[in-house]
Each structure stands twice: as structure tokens, then as C-alpha cells.
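Structure record follows, encoded as C-alpha cells.
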Amino acid sequence: MSLSDSQAPLPSHIEVAVIGGGPAGLMAAEVLSRAGHEVHLFDAMPSVGRKFLLAGKGGMNLTHAEPLPDFISRYAKASAVLQPLLETCGPQQVREWVTGLGIETFIGSSQRVFPTDMKAAPLLRAWLHRLRHPGGGGAPVTFHMRQRWQGWSEDGTGGLRFQGPQGEQSVGARATVLAMGGASWSRLGSNGAWLPTLQADGWSTAGLRPSNCGFEVRGSGLYGDAPGWSTHFSERFAGQPFKSVALHFTDSLGQRFERKGEFVATAVGLEGSLVYAASALLREEIQRNGQATLFLDLLPDRSPAFVAEQCAHPRGSRSLSSHLKSRLGLEGVKMGLLHELVDKASFQKPAVLAALIKASPVTLVRTRPIDEAISTAGGVAFEGLDERLMSTQRPGVFCAGEMLDWEGPTGGYLLTACLATGRRAGEGAARYLAR
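The opening position of the sequence shown corresponds to residue 3 in the numbering used here, with each subsequent residue numbered one higher.
Okay, structure coming up:
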């Protein structure tokens with residue numbers, strides 16, 4: 003994709019600056035471009051949409067087709083503040099927008115929405131083409147790559163400082179949209195370096211934390227002090243999926259999570275969709291109490307009475323592993339987990355074994371590093387923004403995307419909220435300029 007020459011000097015004065023070339027920034031740029039405003043988009047990387055493209059490698063999950071009230075509820079603490087944005091740019095509007103780019107969509111069996119070809123690259127190419135050639139009275143967007151934002155000029159002019167191939171340059175803008183992402187997958191451009199700058203400028207912020215992330219378990223055999231599984235479990239089962247299990251967790255505040263799904267054992271803990279769905283509650287519990295203990299039902303489709311009966315059934319000359327595989331279908335990583343939890347003597351007690359199969363305790367002691375997370379929580383507080391997402395601290399500056407203090411699960415919720423906040427910030431900037 004051909005973007006502007008990164009070696010060219012930046013313009014000294016522009017109408018609108020959008021800083022960040024992810025979905026939120028691109029959507030803000032599109033809204034402003036359609037309104038006829040001269041938009042200049044700046045990004046620290048050589049090309050835009052890098053995290054967007056990587057997220058689409060396994061199938062580009064655009065949004066989710068569940069009823070809108072249920073969809074909005076997935077954002078938990080941020081549901082109320084995001085509701086008016088999602089009511090105008092929710093799952094249906096996202097599908098219509100994608101169709102307008104010439105990309106058809108379909109709803110999968112899980113109610114997740116995908117492009118028909120499952121790919122992110124054709125969508126991004128079509129989007130960038132429309133930004134460069136908007137038609138209908140829109141103004142083309144100018145892209146400036148390899149330009150990392152350094153904050154505002156200290157000379158009182160409010161100029162935007164950028165560090166790029168030509169060194170540091172300052173650009174004056176009538177309105178600015180900040181959409182620089184969170185702090186996960188920093189190799190793709192979002193490293194959270196903007197947070198200290200905004201804090202020093204007096205913005206209301208919350209520290210960035212991993213969201214939709216993996217966790218490390220406590221100790222060898224779950225009873226030691228150092229994090230990680232036993233060497234045997236780690237070497238044999240790291241990367242193996244726990245399929246058709248249920249995760250149950252109640253935190254110290256009484257908040258409950260119960261869901262059936264899948265996740266993966268790692269060398270030191272757990273990760274994957276089912277764990278990600280509970281990650282916010284687990285992370286906050288660890289922060290409060292230093293650890294969080296969840297319970298896994300390894301056979302959620304079997305009753306406790308049935309499991310107890312099969313565990314107690316005479317096994318004759320068969321080994322216990324063969325017996326459990328034959329009677330209950332237990333093998334592989336699930337059996338490995340049971341061996342992590344109890345010693346050999348306890349493993350021979352049918353009542354103990356049956357109880358563990360239906361409620362295997364796993365204690366988590368920390369999240370994996372934020373750079374490994376799918377997304378981040380924290381960032382710019384909504385309390386410091388007006389309904390247009392404009393900063394009350396610095397009028398004319400708007401904020402969108404993962405920079406804002408919200409989090410949502412995987413499954414299309416992250417992208418939809420980024421697009422919705424990008425649209426609201428773009429609309430707010432357009433109204434600000436019109437005023």
C-alpha cells in the first residue's frame with residue numbers, strides 16, 4: 003500500500019491531525035474526511051493497521067451477532083458509557099460499513115461475524131483506498147508514516163511534536179484525535195508510551211493492565227512458591243488444549259463467572275478464549291489478594307453422581323489411567339492436571355478423584371506480561387472527556403480506541419468498540435471544527 007513519503011518534511015499547520023493508524027484512528031479519519039475536512043494521519047510504524055492485520059490471521063472476527071443489550075453488557079463496567087456509542091455504531095452498523103467497502107460478511111455458528119473470505123488484508127486495502135479517494139465531496143486523507151508523537155510543544159503554541167526520519171518536527175492542528183492504542187503487542191506500534199505524557203499534562207488516567215491475557219499458576223504441583231507447572235507437566239502438556247471444560251470462579255467480592263469452553267495449557271500456566279473471558283475478574287482478584295483460585299469441571303456434561311459412580315467402579319487388572327479413559331473418556335492433559343493436584347495415595351481414592359474431576363482447583367498468581375496480552379485495560383478515564391470524547395483538560399483534542407479506559411472480551415467486541423469510539427471522536431472533532 004502506497005502511503006506518503008516518510009522523508010518529506012511535515013506541514014507546519016493543518017486542519018485535523020489523527021494520531022494512530024489502527025481501526026479507531028482510521029474510523030475517525032474517515033468520518034472527518036467525509037465531512038470535507040483536511041485530515042493528516044500520523045503513525046509511528048511504516049504502515050497502518052498492523053495489529054488489525056495480525057488479529058485477522060486466524061480469521062477476521064469483525065463483531066458479534068447477539069442481541070444488542072447482551073452485546074453491550076459484555077463491556078462490564080464500561081457498558082453504560084459505551085452504550086450510546088454502540089447504539090449508533092454497533093454490530094449491525096459494522097456489518098453495513100464492511101459491506102459498503104465491498105466485503106460481504108457471514109455469521110458463524112458461534113454468532114461471531116466474519117468476512118466471507120475470513121481475511122483482514124482485503125478489507126484494509128479497500129478501506130485505505132476509500133480514505134485516499136473518498137469521492138462524494140470528501141477530502142482525501144494524507145498519511146505520514148514513521149512519525150512517533152512526542153507530546154505538545156512547550157512554547158505555548160500547542161503544536162504537536164513528532165519524531166521521525168527528519169528528526170523532531172512540530173505541527174499545528176486545529177483539532178486532534180489521539181488513537182494510539184494500548185500497550186500490548188508493542189512490536190506492532192502500540193507501546194503505551196503516551197501515558198506519561200498525558201499524565202504530565204494533567205489528564206485523568208488509569209494505569210495500563212493486561213486484558214484478555216494468560217496467567218501463571220502457583221508452584222510445582224500447585225503447592226510450591228515459584229510460578230509454573232511441574233517440569234513433567236510443562237514438558238509434556240504445554241500447548242495442549244483443554245476441550246469441553248467449564249470454568250467456575252467466584253472472587254472475594256462475590257462476583258461469579260461460569261462458562262463452558264476451551265483453553266490451552268502453557269509452560270507456566272493457562273491461556274485461551276475461556277481464560278480470556280474471565281481475565282478481568284481473575285486479574286483484579288490477584289491484585290487484591292495476591293492470587294485467584296478457579297475451579298475446572300473437566301466433564302461438564304456428566305453429573306457428579308455419574309462421575310463418582312464410574313470412579314468407584316471396579317477396574318480389575320486395568321491401570322487407573324486406562325479405567326478412567328474407558329469409563330469417562332479422561333486422558334491427556336486432563337489426566338495430567340489431576341496428577342498435578344494430588345499425590346499418588348489420594349489418586350487412588352475414588353471420592354477424592356471424582357470431586358477433583360468436577361472441581362479441579364487451579365491457583366493463579368500473576369498475569370502474563372502486558373505485551374503478550376490480546377488487549378489492555380486502563381488508559382484515559384471517561385470522566386476527563388465530554389460526550390464527544392473531547393478532553394476537558396485540552397479542548398480540541400479527542401481520544402478514541404484502546405487508549406480509553408474500557409475492556410471487552412474477544413469475539414468482535416474489541417474491534418466494534420474501537421470503531422464506535424473512533425466514529426464518536428471523529429464526529430466530535432467535526433462539530434468542534436464547524437463551531
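Here a beta-carbon is modelled for each residue, glycine too, at the ideal position from N, C-alpha and C.
query, result
"Residue burial classification, P117 (beta-carbon count within 10 angstroms, cutoff 16)", "buried"
"Boundaries (first-last residue) of the beta strand (DSSP E) holding L249", "P243 to T252"
"Pair within 8 Å by beta-carbon distance, A436 and V179", "no"
"Distance CB(G27)-CB(L12) smaller than 8 Å", "no"
"Assigned secondary structure, H341 (DSSP; H/G/I helix, E/B strand, else coil)", "helix"
"Residue span of the alpha helix (DSSP H) that contains R52, given as start and end", "R52 to A57"
"For P124, three-class secondary structure by DSSP", "helix"
"Cα-Cα separation between V2 and K262, rounded to whole angstroms", "In the structure as shown, the chain begins at 3 and stops at 437. Residue 2 is therefore absent and cannot be evaluated."
"CA-to-CA distance, R285 to F73, given in whole angstroms", "22 Å"
"CB contact flag (F235, G271, <8 Å)", "no"
"Limits of the alpha helix (DSSP H) - the one that H234 falls within", "T233 to F239"
"Cβ contact check for the stretch 352-370 and the stretch 264-279: 3 or more pairs under 8 Å", "yes"
"Beta-carbon proximity check, G381 vs G184, cutoff 8 Å", "yes"
"Cutoff 8 Å; reference M29; Cβ partners in own chain excluding five residues on either side", "A402, C420, L421, G424, R425 and G428"
"L255 versus A294 - alpha carbon distance", "12 Å"
"contact_flag[the stretch 93-106, the stretch 14-23] where n(CB pairs < 8 Å) is 3 or more", "no"
"Beta carbon of S246 nearer than 8 Å to that of P302", "yes"
"Reference T159, options R134, S172 and M120, closest by Cα", "S172"
"Inter-residue Cα distance where the pair is G331 and H341", "16 Å"
"Nearest-angstrom beta carbon gap, V41 and A141 [assumed within contact, 8 Å]", "7 Å"
"CA-to-CA distance, E264 to K276, given in whole angstroms", "The residue asked about is misnamed: residue 276 is Leu in this sequence, not Lys. Cα to Cα, the separation comes out at about 5 Å."
"Alpha helix (DSSP H) segment containing R308, residue limits", "Here residue 308 turns out to be Phe, not Arg, going by the sequence shown. That run of the alpha helix (DSSP H) goes P306 to A314."
"Alpha-carbon to alpha-carbon, L417 and G386", "23 Å"
"8 Å Cβ cutoff met for W196 and W154", "no"
"Rounded Cβ spacing between N214 and I376 (contact assumed at less than 8 Å)", "4 Å"
"Rounded separation between R433 and P397 - CA only", "13 Å"
"Under 8 Å between C-beta atoms of P229 and R220", "yes"
"Host alpha helix (DSSP H) of P71 (start-end)", "L70 to S75"
"Identity of the residue in Q395, Q350 and V20 nearest A314 by Cα", "Q350"
"Environment of F164 [buried if 16+ CB atoms lie within 10 Å]", "buried"
"Closer than 8 Å to chain B by CB, T295", "Protein chains in the displayed structure number just one, and chain B is not present."
"Element boundaries [beta strand (DSSP E), containing W154]", "R150 to W154"
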